[in-house]
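For what it's worth, numbering that gives the first Met the number 0 labels the leading residue of the sequence shown as 0, then goes sequentially.
Backbone N, C-alpha and C fix where the C-beta goes; we use that ideal spot for every residue, glycine too.
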Amino acid sequence: MIEVNTGDDPKIRATPLRAASVAAAARVPGQDLLDIVSLADDELLALLSAAARCSAIVDGPPPRGSDALRGFTVVNLFNEPSTRTRISFELAARRLGADVINFTGDQSSSAAKGETPLDTALTLDAMGVDALVVRDRFERFPHEVARHVRARVINAGDGRNEHPTQALLDALTIVEAFGRPLEAGASALAGLTVAICGDVRHGRVAHSNMLLLRRLGATIRVAGPDGLVEPGTDARYGVEVVDSLDAAIAGAHVVMMLRIQRERLGRELALPSRREYFARWGLSMKRLELADPRVIVMHPGPM
(Lines of atoms letter the chains of each structure in order from A; the text may use other names.)
(Lines give C-alpha, C1' and ligand atoms only; values in the text may rest on other atoms or scores of the structure.)
Protein backbone atom coordinates (compact mmCIF):
# COMPACT_ATOMS: atom_id res chain seq x y z
CA MET A 0 0.00 0.00 0.00
CA ILE A 1 1.24 3.49 -0.84
CA GLU A 2 1.00 5.72 2.22
CA VAL A 3 0.45 9.40 1.60
CA ASN A 4 1.69 11.96 4.09
CA THR A 5 -1.43 14.05 4.64
CA GLY A 6 -1.02 15.21 8.18
CA ASP A 7 -3.69 13.90 10.53
CA ASP A 8 -6.05 12.26 8.04
CA PRO A 9 -5.54 8.45 7.83
CA LYS A 10 -8.11 8.00 5.07
CA ILE A 11 -6.04 9.28 2.16
CA ARG A 12 -4.35 6.11 0.98
CA ALA A 13 -3.91 4.45 -2.37
CA THR A 14 -3.83 0.83 -3.33
CA PRO A 15 -0.99 0.06 -5.75
CA LEU A 16 -1.77 0.40 -9.42
CA ARG A 17 0.45 -1.21 -12.01
CA ALA A 18 1.12 2.23 -13.49
CA ALA A 19 2.61 3.58 -10.28
CA SER A 20 5.93 1.75 -10.40
CA VAL A 21 6.27 2.37 -14.14
CA ALA A 22 5.59 6.07 -13.63
CA ALA A 23 8.17 6.44 -10.89
CA ALA A 24 10.82 4.77 -13.03
CA ALA A 25 10.06 6.76 -16.19
CA ARG A 26 9.72 10.16 -14.57
CA VAL A 27 11.91 13.05 -15.73
CA PRO A 28 12.85 15.36 -12.80
CA GLY A 29 12.33 19.10 -12.97
CA GLN A 30 9.15 19.09 -15.04
CA ASP A 31 6.71 19.92 -12.24
CA LEU A 32 5.65 23.21 -10.72
CA LEU A 33 5.10 22.39 -7.06
CA ASP A 34 6.32 25.39 -5.07
CA ILE A 35 8.40 28.54 -5.29
CA VAL A 36 11.28 27.24 -3.19
CA SER A 37 12.20 24.47 -5.64
CA LEU A 38 12.42 26.83 -8.63
CA ALA A 39 15.95 27.81 -9.60
CA ASP A 40 16.47 31.44 -10.57
CA ASP A 41 16.77 30.63 -14.27
CA GLU A 42 13.60 28.51 -14.14
CA LEU A 43 11.73 31.30 -12.41
CA LEU A 44 12.70 33.89 -15.00
CA ALA A 45 12.00 31.46 -17.85
CA LEU A 46 8.48 30.87 -16.51
CA LEU A 47 7.79 34.59 -16.18
CA SER A 48 9.14 35.28 -19.67
CA ALA A 49 7.06 32.48 -21.16
CA ALA A 50 3.99 33.77 -19.34
CA ALA A 51 4.54 37.24 -20.76
CA ARG A 52 4.73 35.82 -24.29
CA CYS A 53 1.67 33.61 -23.83
CA SER A 54 -0.46 36.38 -22.34
CA ALA A 55 -0.79 37.96 -25.78
CA ILE A 56 -2.26 34.68 -27.00
CA VAL A 57 -4.62 33.82 -24.16
CA ASP A 58 -5.69 37.36 -23.25
CA GLY A 59 -5.64 39.08 -26.64
CA PRO A 60 -8.66 40.03 -28.72
CA PRO A 61 -10.44 37.35 -30.80
CA PRO A 62 -9.55 35.43 -32.80
CA ARG A 63 -6.99 34.11 -30.35
CA GLY A 64 -5.30 30.78 -29.88
CA SER A 65 -2.23 28.72 -30.54
CA ASP A 66 -1.24 25.14 -31.34
CA ALA A 67 1.59 25.20 -28.80
CA LEU A 68 -0.05 22.45 -26.71
CA ARG A 69 -1.85 20.64 -29.50
CA GLY A 70 -1.94 16.92 -28.76
CA PHE A 71 -1.49 17.43 -25.01
CA THR A 72 -4.18 16.44 -22.51
CA VAL A 73 -4.46 18.47 -19.32
CA VAL A 74 -6.60 17.35 -16.38
CA ASN A 75 -7.70 19.85 -13.74
CA LEU A 76 -7.82 17.58 -10.67
CA PHE A 77 -9.54 19.82 -8.13
CA ASN A 78 -10.47 18.38 -4.75
CA GLU A 79 -11.34 21.82 -3.37
CA PRO A 80 -13.86 24.36 -4.67
CA SER A 81 -12.51 26.85 -7.19
CA THR A 82 -13.82 29.36 -9.69
CA ARG A 83 -10.96 31.61 -10.80
CA THR A 84 -8.07 29.16 -10.73
CA ARG A 85 -9.84 26.22 -12.37
CA ILE A 86 -11.46 28.26 -15.12
CA SER A 87 -8.31 30.26 -15.83
CA PHE A 88 -6.31 27.04 -16.15
CA GLU A 89 -8.95 25.64 -18.50
CA LEU A 90 -9.09 28.77 -20.64
CA ALA A 91 -5.31 29.05 -20.88
CA ALA A 92 -4.82 25.39 -21.81
CA ARG A 93 -7.61 25.48 -24.41
CA ARG A 94 -6.32 28.68 -25.99
CA LEU A 95 -2.89 27.09 -26.26
CA GLY A 96 -4.40 24.13 -28.08
CA ALA A 97 -4.60 21.45 -25.36
CA ASP A 98 -7.46 19.07 -24.68
CA VAL A 99 -8.81 19.78 -21.19
CA ILE A 100 -10.68 17.55 -18.75
CA ASN A 101 -12.12 18.94 -15.53
CA PHE A 102 -12.35 16.55 -12.59
CA THR A 103 -13.93 17.32 -9.23
CA GLY A 104 -14.08 14.71 -6.51
CA ASP A 105 -17.85 14.76 -6.13
CA GLN A 106 -20.74 12.31 -6.24
CA SER A 107 -20.43 11.90 -10.01
CA SER A 108 -17.01 10.23 -9.75
CA SER A 109 -15.63 7.11 -8.09
CA ALA A 110 -14.79 9.27 -5.09
CA ALA A 111 -18.37 8.55 -4.06
CA LYS A 112 -17.43 4.86 -3.91
CA GLY A 113 -14.39 5.44 -1.75
CA GLU A 114 -11.68 6.09 -4.34
CA THR A 115 -8.98 8.27 -2.82
CA PRO A 116 -7.54 11.36 -4.54
CA LEU A 117 -4.22 9.58 -5.09
CA ASP A 118 -6.00 6.57 -6.60
CA THR A 119 -7.72 8.98 -8.97
CA ALA A 120 -4.44 10.63 -9.95
CA LEU A 121 -2.84 7.25 -10.63
CA THR A 122 -5.80 6.15 -12.72
CA LEU A 123 -5.68 9.31 -14.83
CA ASP A 124 -1.94 8.90 -15.26
CA ALA A 125 -2.43 5.32 -16.44
CA MET A 126 -4.76 6.69 -19.12
CA GLY A 127 -1.86 8.70 -20.53
CA VAL A 128 -2.73 12.29 -19.63
CA ASP A 129 0.16 14.72 -19.99
CA ALA A 130 -0.41 17.11 -17.10
CA LEU A 131 -2.31 17.13 -13.81
CA VAL A 132 -3.23 20.49 -12.32
CA VAL A 133 -3.85 19.59 -8.68
CA ARG A 134 -5.68 21.46 -5.95
CA ASP A 135 -6.24 19.84 -2.58
CA ARG A 136 -6.97 20.78 1.02
CA PHE A 137 -4.00 18.76 2.25
CA GLU A 138 -0.60 20.41 2.27
CA ARG A 139 1.96 18.88 -0.10
CA PHE A 140 -0.56 16.53 -1.72
CA PRO A 141 0.59 17.66 -5.22
CA HIS A 142 4.13 16.69 -4.18
CA GLU A 143 2.88 13.20 -3.31
CA VAL A 144 1.13 12.92 -6.65
CA ALA A 145 4.32 13.94 -8.45
CA ARG A 146 6.21 11.12 -6.74
CA HIS A 147 3.94 8.48 -8.28
CA VAL A 148 2.96 9.65 -11.77
CA ARG A 149 4.63 10.26 -15.11
CA ALA A 150 2.45 13.24 -15.99
CA ARG A 151 3.68 16.73 -15.21
CA VAL A 152 2.14 18.06 -11.99
CA ILE A 153 1.22 21.69 -11.35
CA ASN A 154 0.27 22.78 -7.84
CA ALA A 155 -2.88 24.91 -8.01
CA GLY A 156 -3.02 25.30 -4.22
CA ASP A 157 -2.36 22.82 -1.43
CA GLY A 158 -4.06 23.61 1.86
CA ARG A 159 -2.51 26.65 3.42
CA ASN A 160 0.94 25.80 2.10
CA GLU A 161 1.51 27.41 -1.31
CA HIS A 162 -0.12 28.63 -4.51
CA PRO A 163 2.89 29.06 -6.81
CA THR A 164 1.04 29.80 -10.03
CA GLN A 165 -0.88 32.65 -8.40
CA ALA A 166 2.38 34.13 -7.15
CA LEU A 167 3.88 33.93 -10.63
CA LEU A 168 0.84 35.70 -12.03
CA ASP A 169 1.05 38.37 -9.33
CA ALA A 170 4.75 38.91 -9.98
CA LEU A 171 4.19 39.31 -13.72
CA THR A 172 1.33 41.74 -13.05
CA ILE A 173 3.60 43.90 -10.89
CA VAL A 174 6.47 43.73 -13.40
CA GLU A 175 4.17 44.89 -16.20
CA ALA A 176 2.37 47.53 -14.11
CA PHE A 177 5.65 49.24 -13.20
CA GLY A 178 7.44 48.61 -16.49
CA ARG A 179 10.21 46.55 -14.94
CA PRO A 180 12.52 44.41 -17.13
CA LEU A 181 12.46 40.71 -16.34
CA GLU A 182 16.07 40.56 -17.50
CA ALA A 183 16.98 42.31 -14.25
CA GLY A 184 16.32 39.03 -12.45
CA ALA A 185 16.80 39.34 -8.71
CA SER A 186 16.49 43.13 -8.92
CA ALA A 187 13.43 43.24 -11.21
CA LEU A 188 11.27 44.61 -8.37
CA ALA A 189 14.02 46.47 -6.49
CA GLY A 190 12.79 49.70 -4.95
CA LEU A 191 9.16 48.55 -4.76
CA THR A 192 7.36 47.95 -1.48
CA VAL A 193 4.58 45.36 -1.37
CA ALA A 194 2.09 45.32 1.51
CA ILE A 195 0.39 41.96 2.15
CA CYS A 196 -2.52 42.42 4.53
CA GLY A 197 -5.16 40.21 6.12
CA ASP A 198 -5.11 36.47 6.81
CA VAL A 199 -1.45 35.85 6.13
CA ARG A 200 -1.27 32.79 8.39
CA HIS A 201 -3.72 30.65 6.42
CA GLY A 202 -3.29 32.28 3.01
CA ARG A 203 -1.26 30.10 0.63
CA VAL A 204 -1.11 32.98 -1.86
CA ALA A 205 0.63 35.10 0.77
CA HIS A 206 3.21 32.40 1.46
CA SER A 207 4.12 32.00 -2.21
CA ASN A 208 4.18 35.75 -2.79
CA MET A 209 6.47 36.43 0.16
CA LEU A 210 8.91 33.85 -1.18
CA LEU A 211 8.75 34.96 -4.80
CA LEU A 212 8.54 38.74 -4.60
CA ARG A 213 11.50 38.95 -2.24
CA ARG A 214 13.55 36.90 -4.71
CA LEU A 215 12.77 39.55 -7.30
CA GLY A 216 14.03 42.31 -5.02
CA ALA A 217 10.82 43.72 -3.53
CA THR A 218 10.52 44.88 0.07
CA ILE A 219 7.61 43.11 1.78
CA ARG A 220 5.51 44.41 4.66
CA VAL A 221 2.96 42.17 6.34
CA ALA A 222 0.05 43.03 8.62
CA GLY A 223 -3.00 41.21 9.92
CA PRO A 224 -5.30 40.78 12.91
CA ASP A 225 -4.18 38.96 16.04
CA GLY A 226 -3.72 35.28 15.28
CA LEU A 227 -3.69 35.74 11.51
CA VAL A 228 0.03 36.40 11.16
CA GLU A 229 2.04 33.44 12.34
CA PRO A 230 4.80 34.15 14.88
CA GLY A 231 8.19 34.05 13.20
CA THR A 232 6.87 35.14 9.79
CA ASP A 233 9.45 37.93 9.64
CA ALA A 234 12.40 35.60 10.17
CA ARG A 235 11.06 32.77 8.02
CA TYR A 236 10.27 34.89 4.97
CA GLY A 237 12.57 37.88 5.42
CA VAL A 238 9.70 40.36 5.64
CA GLU A 239 8.74 43.20 7.97
CA VAL A 240 5.72 42.55 10.19
CA VAL A 241 3.82 45.65 11.34
CA ASP A 242 0.82 45.97 13.62
CA SER A 243 -1.64 48.00 11.55
CA LEU A 244 -2.96 48.36 8.03
CA ASP A 245 -1.91 52.00 7.95
CA ALA A 246 1.69 51.10 8.79
CA ALA A 247 1.70 48.40 6.13
CA ILE A 248 0.48 50.53 3.24
CA ALA A 249 2.40 53.72 4.05
CA GLY A 250 4.44 54.43 0.92
CA ALA A 251 3.61 51.02 -0.58
CA HIS A 252 3.59 50.56 -4.35
CA VAL A 253 1.47 47.40 -4.21
CA VAL A 254 -1.26 46.56 -1.70
CA MET A 255 -2.43 42.93 -1.61
CA MET A 256 -5.59 42.38 0.41
CA LEU A 257 -6.28 38.83 1.59
CA ARG A 258 -9.64 37.40 2.58
CA ILE A 259 -10.08 35.54 5.85
CA GLN A 260 -9.66 31.82 5.13
CA ARG A 261 -12.64 30.77 7.24
CA GLU A 262 -12.52 27.22 5.91
CA ARG A 263 -9.04 26.79 7.45
CA LEU A 264 -9.55 28.51 10.79
CA GLY A 265 -9.37 26.57 14.04
CA ARG A 266 -12.24 26.84 16.47
CA GLU A 267 -9.98 28.45 19.05
CA LEU A 268 -9.52 31.61 16.95
CA ALA A 269 -12.06 34.31 17.75
CA LEU A 270 -12.67 36.76 14.92
CA PRO A 271 -14.11 40.26 15.19
CA SER A 272 -17.43 41.10 13.59
CA ARG A 273 -17.39 42.26 9.97
CA ARG A 274 -17.96 45.83 11.08
CA GLU A 275 -15.12 45.68 13.58
CA TYR A 276 -12.85 44.00 11.07
CA PHE A 277 -13.47 46.60 8.39
CA ALA A 278 -12.94 49.46 10.83
CA ARG A 279 -9.41 48.30 11.53
CA TRP A 280 -8.45 46.21 8.50
CA GLY A 281 -10.68 47.36 5.66
CA LEU A 282 -9.08 49.23 2.77
CA SER A 283 -10.67 52.58 1.95
CA MET A 284 -9.76 55.36 -0.47
CA LYS A 285 -8.79 57.47 2.53
CA ARG A 286 -6.35 54.84 3.73
CA LEU A 287 -5.02 54.35 0.24
CA GLU A 288 -3.83 57.97 0.25
CA LEU A 289 -1.04 56.76 2.55
CA ALA A 290 0.42 54.64 -0.25
CA ASP A 291 2.66 55.68 -3.12
CA PRO A 292 0.76 57.72 -5.76
CA ARG A 293 1.40 54.95 -8.31
CA VAL A 294 -0.05 52.25 -6.05
CA ILE A 295 -1.92 49.26 -7.45
CA VAL A 296 -4.34 47.19 -5.36
CA MET A 297 -4.39 43.44 -5.91
CA HIS A 298 -7.35 41.28 -4.88
CA PRO A 299 -9.28 38.50 -6.66
CA GLY A 300 -12.66 40.04 -5.79
CA PRO A 301 -15.24 40.52 -4.49
CA MET A 302 -13.64 42.89 -2.02
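Between the C-alpha atoms of residue i and residue j, what's the straight-line distance to the nearest angstrom?
| i | j | result |
| --- | --- | --- |
| glycine 96 | glycine 70 | 8 Å |
| alanine 176 | methionine 297 | 11 Å |
| alanine 150 | leucine 123 | 9 Å |
| valine 199 | proline 271 | 16 Å |
| arginine 139 | alanine 145 | 10 Å |
| proline 80 | glutamine 30 | 26 Å |
| arginine 26 | aspartate 157 | The pLDDT assigned to arginine 26 is 48, lower than 50, so where the model puts this residue is not dependable, and the model offers no usable value. |
| phenylalanine 102 | valine 57 | 22 Å |
| threonine 232 | serine 186 | 23 Å |
| leucine 289 | glycine 250 | 6 Å |
| glycine 113 | arginine 136 | 17 Å |
| serine 243 | valine 36 | 29 Å |
| threonine 192 | aspartate 40 | 21 Å |
| asparagine 208 | arginine 258 | 15 Å |
Looking only at its own chain, which residues have a Cβ that is under 6 Å from the Cβ of residue i, when we skip the five neighbours before and after it?
| i | result |
| --- | --- |
| glutamate 389 | A query on residue 389 cannot be resolved here, the shown segment of the chain reaching from 0 to 302 and no further. |
| phenylalanine 391 | This structure cannot settle anything about residue 391, because the visible part of the chain is limited to 0 through 302. |
| isoleucine 305 | Nothing about residue 305 can be read from this structure; the chain reaches only from 0 to 302. |
| valine 204 | His162 and Gln165 |
| isoleucine 100 | Val74 |
How would you write the range of the beta strand (DSSP E) that residue i sits in, first residue to last?
| i | result |
| --- | --- |
| arginine 220 | 218-222 |
| alanine 194 | 192-196 |
| leucine 76 | 72-77 |
| aspartate 98 | 98-103 |
| arginine 151 | 151-157 |
| valine 254 | 253-256 |
So residue i is in the alpha helix (DSSP H); what residue range does that whole segment cover?
| i | result |
| --- | --- |
| threonine 164 | 163-176 |
| valine 204 | 203-214 |
| isoleucine 248 | 244-248 |
| valine 144 | 140-147 |
| aspartate 41 | 40-57 |
| arginine 69 | Note, arginine 69: premise wrong, no alpha helix (DSSP H); not H, not E. |
| leucine 287 | 284-287 |
Going by beta carbon distance, what residues of the same chain come within less than 7 Å of residue i, once the five residues before and after it are set aside?
| i | result |
| --- | --- |
| arginine 83 | Pro299 |
| leucine 215 | Ala170, Ala185, Ala187 and Leu188 |
Helix, strand or coil for residue i? Go by DSSP, reduced to three states.
| i | result |
| --- | --- |
| methionine 126 | coil |
| aspartate 135 | strand |
| isoleucine 295 | strand |
| glutamate 239 | strand |
| leucine 188 | coil |
Could you name the residues of the same chain whose beta carbon sits closer than 8 Å to that of residue i, not counting the 5 residues immediately before and after it, in chain order?
| i | result |
| --- | --- |
| methionine 256 | Cys196, Gly197, Leu282, Val296, Met297, His298 and Met302 |
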